[in-house]
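> The numbering of the sequence shown is the numbering used here, which starts it at 63 and goes up by one. Before we start, here is the structure in question, set down as structure tokens.
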Amino acid sequence: MRLYSVLWTAVLILQTQFLWSGDLYSSPVSRSQLGDVHKIFSTIGSEEIMKADFEQIKTVQSLGMSFSARGTLLFSAENGIAWLFTEPFVSSTVITGSEMIQIDSRGNRTQVISGENELFTRFSGTVQSLFLGDYPLIEEEYEIFFQGDSSEWVIGLVPRNSLLNEIVGSFELTGKDVIESFIIRESTGDLLEYRFSSFQFPSQLSEADGNVFP
Numbered sequence: 063m064r065l066y067s068v069l070w071t072a073v074l075i076l077q078t079q080f081l082w083s084g085d086l087y088s089s090p091v092s093r094s095q096l097g098d099v100h101k102i103f104s105t106i107g108s109e110e111i112m113k114a115d116f117e118q119i120k121t122v123q124s125l126g127m128s129f130s131a132r133g134t135l136l137f138s139a140e141n142g143i144a145w146l147f148t149e150p151f152v153s154s155t156v157i158t159g160s161e162m163i164q165i166d167s168r169g170n171r172t173q174v175i176s177g178e179n180e181l182f183t184r185f186s187g188t189v190q191s192l193f194l195g196d197y198p199l200i201e202e203e204y205e206i207f208f209q210g211d212s213s214e215w216v217i218g219l220v221p222r223n224s225l226l227n228e229i230v231g232s233f234e235l236t237g238k239d240v241i242e243s244f245i246i247r248e249s250t251g252d253l254l255e256y257r258f259s260s261f262q263f264p265s266q267l268s269e270a271d272g273n274v275f276p
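Here's what the structure looks like:
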């Protein structure tokens, strides 16, 4: 269970910020929409480095309660993704192509090596492929649902892999030029949301940002 808790803190999400007609999951991506979907992922993947503020909201259905946290997201196509939490406690989760490292508020360090755990490998691969705009990998691993167009959109991803599907019901992305939100709908009915704002696209990592990655 600790591993799953760690994984949930590693990803990105948010509920749709505008209304869409009908149920997203009755709208599988059609052949006529593929051009828009390819354009969306191409645009997302065009940025080598991105920084953004985020709010994380965890909703536990059985308790009828939500818990929030805030921090900064740092994405580097070369190095990986870092979630740097500042509220309510200082902590971090860094995902690279080979490992995930989490440091909690007490300074305790947890490391998961890619390849040693299939669930982590697929989960971390999803997170990185989304920010890299890697459509071929996403298409291989997920059933894709789509509403909107290339200027304003919502995308639903349902895992094809049975192991991941036991934990995650679906991922949902919303955005315009960038991913503005990312939702994980867990199979339990719980939600994990990330809301992004204050985007920056520096040409290179600062020394401090570079030191975040192993």
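The beta carbon of each residue, even a glycine, is placed where N, CA and C say it ideally should be.
List the DSSP bridge partners of Gly-237.
Trp-215, Ile-241
> Can you name the residues that DSSP bridges to Ala-144?
Leu-136, Val-156
> Give the C-beta separation of Ser-249 and Glu-228 to the nearest angstrom, bearing in mind that I take them to be a contact with Cβ-Cβ under 8 Å.
6 Å
> Once DSSP output is grouped into helix, strand and coil, what is the label at Leu-74?
With a pLDDT of 34 at Leu-74, under the threshold of 50, the modelled position of this residue cannot be trusted; read the value that follows with caution. Correct three-state label for Leu-74: coil.
> Which of helix, strand or coil does DSSP assign to Phe-103?
If DSSP states are grouped into helix, strand and coil, Phe-103 belongs with the helices.
> Do the region 94-112 and the region 175-186 touch if we need at least three Cβ pairs shorter than 8 Å?
no
> Taking the alpha-carbon positions, what's the Leu-253 to Thr-121 distance?
Pairing Leu-253 with Thr-121, the inter-Cα distance amounts to about 5 Å.
> Tell me the rounded alpha-carbon separation between Lys-238 and Phe-103.
11 Å
> In angstroms with no decimal places, state the Cα-to-Cα distance between Gly-251 and Ser-94.
32 Å
> In the DSSP assignment, what residue or residues form a beta bridge with Arg-222?
Note: Arg-222 sits in no beta bridge, so no partner.
> Suppose the cutoff is 6 Å on Cβ atoms and the five residues either side in sequence are ignored; what does the same chain contact list for Pro-264 look like?
Here the set comprises Ile-111.
> Using beta-carbon positions only, say whether Val-220 and Ile-246 come within less than 8 Å of one another.
no
> State the DSSP-derived secondary structure class of Val-230, mapped to helix, strand or coil.
strand
> Just to confirm the assignment, what range does the alpha helix (DSSP H) spanning Phe-185 have?
180-194
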